Amino acid sequence: MSFGKRMMGWVDARFPATETYEYHMSKYYAPKNFNFWYFFGVLSMIVLVNQLVTGIWLTMMFNPSAEGAFASVEYIMRDVKGGWLIRYMHSTGAS
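Counted from 1, the sequence shown has number 237 at position 29 by this note's numbering; the numbering is strictly sequential.
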């Protein structure tokens, strides 16, 4: 028996991972009318959720005044942990 099968047996003895995967994911079949274009609906939903979440997060940190706008963006990019990533995720989703 390989190491992977022994490891999966050890995990399954403690948590039914294989049974859960088979019950919830592998036994369902996709309809025959699915095609490549269905992915774009899911992709647009992911981008919309990304825009909403990152936009709300950026709104909490942003100062919309004429004096404080640049300073708040600089603060987000430099001082907030992961702020640069959130800002770039938001700008990439918008374009």
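C-beta: ideal position from N, C-alpha, C; glycine also. The structure displayed is predicted, hence computed values, not measured ones.
Assign residue 284 to buried or exposed, taking buried as 16 or more other Cβ atoms, counted over all protein chains shown, within 10 Å of its Cβ.
Classification of residue 284: buried, given that the 10 Å Cβ count is 16 or more.
Roughly how far, in whole angstroms, is the beta-carbon of residue 280 from the beta-carbon of residue 269, given that I think they are within contact range, below 8 angstroms?
Their Cβ separation, rounded to whole angstroms, is 6 angstroms, which keeps residue 280 and residue 269 in contact under 8 angstroms.
Which first and last residues belong to the alpha helix (DSSP H) in which residue 163 is found?
The structure shown does not extend to residue 163, since the chain is modelled only from 209 through 303, so no value can be given for it.
By how many angstroms is the C-alpha of residue 282 removed from the C-alpha of residue 271?
Near 11 angstroms, if we compare the C-alpha coordinates of residue 282 and residue 271.
Please tell me whether residue 266 and residue 295 are closer than 9 angstroms, where the distance is taken between their beta carbons.
Yes.
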